[in-house]
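J.: Have a look at this one.
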Ligand code: PEP
Ligand code: CO
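In this note's numbering, the protein residues as written are 430 to 890.
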């Protein structure tokens, strides 16, 4: 294994390493111009927000908070509109309310948004009727239409993506700052559907119970509980396109460190987590809290190499490990992963992504995920961490605030036949708003019953 280097890092040092999943631009000078242009623009986030998130993630790592990270598999430029963004924010806020109620811990809300525009692909090219073109790699790189013009990687799209990321986060900040995220007003997040959803009563009970608790606390303390702060909502995306990430990577003299100022919390995807690769080289040098996806192909030595290379100081809140083994493999793979990290003597925040290990294709050829498998993986993950004296400190979910039919199951019992009705994702299937809320309720319920079991077993007999 390569010894971790600490001195020779700079924001472009990744370019000396093999970089997976990068588009090939026909005009490298044009790419350089765009990267230089983005570097001159104001950043999307600032270092003190990033540091605030890191300390909140450190609390989650200690078991004192819980991370809710969610959003689209891939944002598309056409969805950069107020309604879609507000709906996504609403479902995340509703889920966080339900989780707060059930877990009795502060919920750290992190969107997969404002920059989630680039996708890893299993092949560099796609062939249709004997014609091969570059694969669609997300709106940051090229267009989905199967034409040579659309599929040619265009560096200008990096700029368009950066602008949309800024527009998105600007709107989210304005909503949050204006009181939209205030627990006193959950009616602001009403998605309409709650009036006729199978979960309506349960959700309304939770809203009332939180309202009562706030009234009680504010009554006895004479103080108002303040939930709405400027950045009570953070942004994250997969740090896949390294020229894009490099462009806003800056040395902040006041902090004496480098930061990626295009997002609060970038993560390394499964396909780009090679120890010798460009992504690990880039990520080791930025001071943001970072995450890595952990899949079944990662053996102990690989995982240990990531932990020691990416967080050599063992800084709390720095490294989140997002495991995504799938309901079938989690029971075999997770204990080994927990043990491997334990052997390094380092700590990390463990988060479960119950989506990416549970993707399947229907007999009709549609990519889907079954709600029961998503829930099963989460259940097993909570149990395994608890049994091993570890803590599952968050969930990572692909979801949308819209009424799509991409995943099956849930309280409305969507079947394979329903998938055709409102399948809009061009990449992975997302939970719709009802399924996402139901998942939060089930996580919360199970956590409450685990706490009750624990109380029963520890009560004096
Ligand atoms: C994703 O999060 O959309 C993704 C591609 O995940 P993974 O890297 O875990 O496959
Ligand atoms: Co995905």
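For each residue, glycine too, the CB sits at the ideal point set by N, CA and C.
1. Do the CB positions of residue 620 and residue 516 come within less than 9 Å of each other?
2. Who are the near neighbours of residue 860 in its chain, counting only those whose CB is closer than 6 Å to its CB and skipping five residues on each side?
3. Just to confirm my understanding: we take residue 659, look at its own chain, exclude 5 residues before and 5 after, and list those with CB closer than 6 Å. What are they?
4. Under 5 Å from any heavy atom of the ligand CO, by CB: list those residues in chain order, please.
5. Using 9 Å as the threshold, is the C-beta distance between residue 824 and residue 780 below it?
6. Quick check on residue 644: buried or exposed, where buried means 16 or more other Cβ atoms within 10 Å of its Cβ?
7. Could you give the DSSP three-state label for residue 599: helix, strand or coil?
8. Let me know the secondary structure DSSP gives residue 448 once reduced to three states.
9. Within its chain, find whatever has a CB closer than 7 Å to the CB of residue 680; leave out the 5 residues flanking it on each side and keep chain order.
10. Is residue 573 near the ligand PEP, judged by its Cβ being under 8 Å from some heavy atom?
11. Quick check on the DSSP output: what are the complete beta strand (DSSP E) runs of length 3 or more inside the region 621 to 690, in order along the chain?
12. Cutting at 8 Å between CB atoms, please list the residues of its own chain near residue 788, excluding the five before and the five after it.
13. If you pair each beta-carbon of the region 863 to 882 with each one of the region 576 to 589, do three or more pairs fall below 8 Å?
14. Starting from the C-beta of residue 614, find all residues in its chain whose C-beta is less than 7 Å away, skip the five residues before and the five after it, and write them out in chain order.
15. Nearest to residue 739 by alpha carbon, out of 705, 765, 755, 604?
16. Apart from the five residues just before and just after residue 657, which ones in its own chain have a Cβ nearer than 6 Å to its Cβ?
17. Flag residue 768 as yes when its Cβ comes closer than 8 Å to any non-hydrogen atom of the ligand PEP, and as no otherwise.
18. Please find out if some non-hydrogen atom of the ligand PEP comes closer than 8 Å to the beta-carbon of residue 708.
19. Out of 627, 763, 461, 669, which has the shortest C-alpha to C-alpha gap to residue 450?
20. Taking buried to mean at least 16 other C-beta atoms within 10 Å of its own C-beta, is residue 629 buried or exposed?
21. If you check the beta carbons only, do residue 793 and residue 848 fall under 9 Å apart?
22. When the distance is taken between beta carbons, is residue 499 closer than 9 Å to residue 546?
23. Can the beta-carbon of residue 601 be found less than 9 Å from the beta-carbon of residue 503?
24. Taking residue 868 as the reference, which of 521, 675, 539 has the closest Cα?
25. From the DSSP output, in three-state form, read off residue 858 for me.
T.: Reading it off the structure:
1. yes
2. 828, 836
3. For residue 659, the predicted model reports a pLDDT of 41, less than 50, meaning its position is unreliable; a value from the coordinates is still stated below. Correct list, in chain order: 606.
4. 502, 857
5. yes
6. exposed
7. helix
8. coil
9. 687
10. no
11. 662 to 667, 678 to 681, 686 to 689
12. 796, 797, 798, 857, 858
13. no
14. 608
15. 705
16. Any reading at residue 657 needs caution, since the residue's pLDDT is 48, under 50, leaving its predicted position unreliable; the model's value is listed next. 608, 610, 611, listed in sequence order.
17. no
18. no
19. 669
20. exposed
21. yes
22. no
23. no
24. 521
25. coil
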